Amino acid sequence: MVTLDDARRVIAASEKKAVEISQPMNIAVADAGGNLVAHVRMDGAWLGSIDISIKKAFTSRAFDITTKDLATHSQSGGQFFGIHASNDGRIMIFAGGIPLKRGGKVVGAIGVSGGSGEQDHAVAEAGAAAF
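The sequence shown lines up with residues 0 to 130 when you count with numbering that gives the first Met the number 0.
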């Protein structure tokens with residue numbers, strides 16, 4: 000289970016990393032069902048990245064994989080090519096989504112969007128580490 004307190008802690012750690020790299024971000028935390036628990040749009044973060052961050056969290060939980068790894072496997076010729084068209088368009092195959100685990104079991108996910116793929120992933124990693 001991902002509580003609101005958990006989500007706030009994950010978001011705070013992510014925000015800290017985003018400030019450190021000087022990149023405002025949208026940060027979403029989802030529960031075990033892929034449902035949004037909390038979202039923050041930092042001052043100056045792109046409006047278009049709100050939806051992307053939420054979908055990254057959903058995607059990471061739906062498939063229990065980082066969106067960075069899913070992106071690698073979903074390129075032309077890859078085993079998951081075309082997966083982005085599934086789930087009524089809710090699947091994001093850009094880096095920045097990471098499953099949240101407790102006791103070795105996936106119980107939620109974080110999704111981050113607003114910078115480069117490397118920046119999004121790094122900010123998501125910081126949040127996941129705080130979980």
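For glycine and all other residues, C-beta sits at the position ideal for the given N, C-alpha and C. Nothing here was measured: the structure is a model prediction, and the numbers come from that model.
- The segment 78 to 87 and the segment 96 to 109 do not touch, with fewer than three beta-carbon pairs separated by less than 8 Å.
- Rounded to whole angstroms, the Cβ separation of serine 21 and histidine 38 is 21 Å, and the two are not in contact under 8 Å.
- Taking C-beta atoms as the reference points, arginine 7 and asparagine 25 fail to come closer than 8 Å.
- In the DSSP assignment, isoleucine 26 falls within the unbroken beta strand (DSSP E) covering 25 to 29.
- Relative to the Cα of glycine 47, the nearest Cα in the group Gly113, Gly126, Glu19, Ala128 belongs to Gly113.
- Of Asp119, Gly32, Met0, the smallest CA-CA separation from isoleucine 92 is found for Asp119.
- Taking a C-beta distance under 8 Å as the contact criterion, isoleucine 109 and isoleucine 97 qualify as a contact pair.
- By the CB criterion at 8 Å, lysine 16 and alanine 121 fall inside the cutoff.
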